[in-house]
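Below: the structure, in structure tokens.
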Amino acid sequence: MGSKGRTSISILNNKPRVSLVLGSGGARGLAHIGVIHELKEREITIASVSGCSIGSLIGGVYAAGKLDEFEHWVRAITKMDMVNLLDLSWARHGLVKGDKIIGTLVELVGDQLIEDLPIPYTAMAADIQEEKEVWLNSGRLFDAIRASISLPLFFTPVAHKDSYLIDGGVLNPVPIAPTFGDDTDLTIAVNLGGRAVTRAVDTGKSESESVNDKSLRGRVERFVRELQTSDEKNGSDTLGAYAIADQAFDAMQSTIARHKLAAYPPDIIIEIARNACGTFDFDRAAEIIELGRVTAAECLDKHSG
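At position 84 of the sequence shown (counting the first as 1) the number is 87 in this note's numbering, and the numbers step up by one without a gap.
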């Protein structure tokens, strides 16, 4: 029994309407695309979406009816494309402004209002001064998404009323509460902080990634790489400072997610291993999307009896 107090086995076999909750976790969130594909393949109707960070982005793009266009774009992205999307901030409270990324997404998806979307949608951000969750379910779609994806230290915070908003994963990586009032059959949550799996760490760097530039742009390129890989030193893996910060944030989110999911269990939880890829491994889109689809299929099969 889950958050709606119903047995999922018989309901899943009858083309249910579901509330979909998409968690935070950087590039692992591309798995959300595969999950959505699997739900559609089984004729499961997504009647509402609640998302945090990358979950708010994928969920918002889906709610806007532009997931296919976004998927085509992200499957083609490279590490250098990612670097070119970074508009550096000269402020001290974040490395990247994010205007260029959001502008690119607006061109791709359109400048839409949340209240005009065909299904209910909520993006979750965190108010750093009031230390509380902020549910964004009206106004410009990409204003809400920009606030929800504001990863501390990387993106600059977003001004909101008399405070600032940052990545919602700081307080609630899998925001189920916004779906409590939904008139749906089931709540399905995708947690990107699942149990880690044993895997080899690829520390190789392609020729195109060999950056010797001492400019600010060169430093940013190295920053992105350090968040993606481990440094190899004296025959063993030694994490750089940014990689440590990245893993610490992931560990924090995974712990919070476990507590939130235990307190407010959804009907079905689809879990993606927290070490499936690095925070900025968006160039591995095809692999991560397929991981989401396969993982969703295995989970749904178990719940279908």
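Ideal Cβ positions, reconstructed from N, Cα and C, are used throughout, including at glycine. Treat the numbers as computed from the prediction; the structure is a model and nothing was measured.
* Specify the secondary structure class of Glu-136 as computed by DSSP and reduced to three states. => Of the three classes helix, strand and coil, the one that applies to Glu-136 here is strand, per DSSP.
* **Strand pairing of His-262, partner residues [DSSP]** => Per DSSP, His-262 has no beta bridge partner at all.
* To do: Output the boundary residues of the alpha helix (DSSP H) element that contains Ile-104.
  => For Ile-104, the enclosing alpha helix (DSSP H) has its first and last residue at 102–112.
* **Contacting residues, own chain, Cβ-Cβ under 6 Å from Arg-296 (five flanking each side not counted)** => So the qualifying residues of the chain are Gly-37, His-40 and Glu-41.
* Looking only at C-alpha atoms, which of Pro-123, Ile-131, Phe-158 and Ile-152 sits nearest to Ser-141? -> Measuring from the Cα of Ser-141, the nearest candidate turns out to be Pro-123.
* **Helix, strand or coil at Asp-185 according to DSSP, with G and I counted as helix** => Coil, per DSSP.
* Asked: Under the rule that 16 or more other beta-carbon atoms within 10 Å means buried, what is Asn-17, buried or exposed?
  -> Residue environment: Asn-17 is assigned as exposed (fewer than 16 neighbouring CB atoms within 10 Å of its CB, all protein chains considered).
* Asked: For the candidate residues Pro-19, Thr-81, Asp-90 and Ala-248, whose alpha-carbon lies nearest to that of Arg-3?
  -> Residue numbering for the chain in the displayed model covers 4 to 308; residue 3 lies beyond these limits and cannot be assessed.
* **Contact set for Tyr-167: own chain, Cβ-Cβ below 6 Å, skip 5 residues either direction** => Excluding the 5 residues flanking it on each side, Tyr-167 has same chain C-beta neighbours closer than 6 Å at Ile-131 and Pro-160, in chain order.
* To do: Apply the 10 Å Cβ neighbour rule to Arg-198 and answer buried if 16 or more other Cβ atoms are within range, or exposed otherwise.
  => With fewer than 16 neighbouring CB atoms inside 10 Å of its own CB, Arg-198 falls in the exposed class.
* Asked: Using DSSP with H/G/I as helix, E/B as strand and the rest coil, what is Thr-241?
  -> Any reading at Thr-241 must be qualified, since the residue scores a pLDDT of 42, below 50, and its modelled position is unreliable; the value itself is stated next. When DSSP states are grouped into helix, strand and coil, Thr-241 belongs to the strand group.
* Asked: Just how far apart, CA to CA, sit Ala-1 and Thr-258?
  -> The structure shown has nothing for residue 1, since the chain only spans 4 to 308.
* **Arg-1 and Ile-105 closer than 7 Å at C-beta** => This structure does not reach residue 1, given that the chain is present from 4 up to 308, and the question cannot be answered.
* To do: For Phe-285, write down the residues that DSSP places opposite it in a beta bridge.
  => Partner(s): none; Phe-285 has no beta bridge.
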